[in-house]
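Counting along the sequence shown from 1, when you hit position 66 you're at 66 in our numbering, and nothing is skipped either side.
Beta carbons are placed, not taken as given, at the ideal position from N, Cα and C, and that holds for glycine.
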Amino acid sequence: MTRKLGIVVGYAVILVSSAVTLVAAADFGTPEEAKAMLERAVTAVKEDKAKALDMFNKGEGGFKDRDLYVWCANASDGIVTATPYWNRGKQLKDLEGKRGAPFGQTVMQNATEGTIKETTYWWPRPGTDKPLEKTALYTKVGDQICSVGYYKE
């Protein structure tokens, strides 16, 4: 009887641990969700750039979800045109990750129409100060460079 109770308790602990892990994972965006959001953003920019940038700035229309969000910059001069957080109006090429990676310059130099590329740097999640490893998925769409990033932790 005691052995059976121990087995049942053991299974319960495993189930609760698994549920906690799933709930924690659901708190943050995945690479697949980031790519899907970027693809939707590209479609939105192609349909109506002004409306799309406004939605990105406001985080509306499904373009801000947990720690996933869209940001864009002019491809010509690198001025950040859309983000629901900081850096709007700043020069993309001057933005560096928290450990010095020149991610803005990398994105400006490598963005290509019709191709999603990626670069990794350190950046805090929205609402936090602790830098985490983040991968930005980015592409050029018309006269904009748009990106959605996800965190590795």
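A distance of 9 Å or more separates the beta carbons of Lys93 and Trp122. Secondary structure at Glu153: coil, using DSSP grouped into helix, strand and coil. Look at the beta carbons and you see the region 126–135 not touching the region 39–49: under three pairs across the two are nearer than 8 Å.
One Cα belongs to Lys35, the other to Gly89, and the distance between them is close to 24 Å.
One thing to note: Gly104 has its Cβ no nearer than 9 Å to the Cβ of Glu113. Between Cys72 and the set Arg66, Met55, Asp65 and Gly62, the nearest pair of CA atoms involves Met55. Apart from sequence neighbours up to five positions away, the residues of its chain that approach Thr115 with a beta-carbon distance below 7 Å are Thr139, ordered along the chain. Bounds of the beta strand (DSSP E) holding Pro124 are Lys117 to Pro124. For Thr139, the enclosing beta strand (DSSP E) starts and ends at Pro131 to Val141.
DSSP places Leu68 inside the beta strand (DSSP E), whose first and last residues are Leu68 to Asn74. With a beta-carbon spacing of about 6 Å, Val70 and Met37 fall inside the 8 Å limit used to define contacts.
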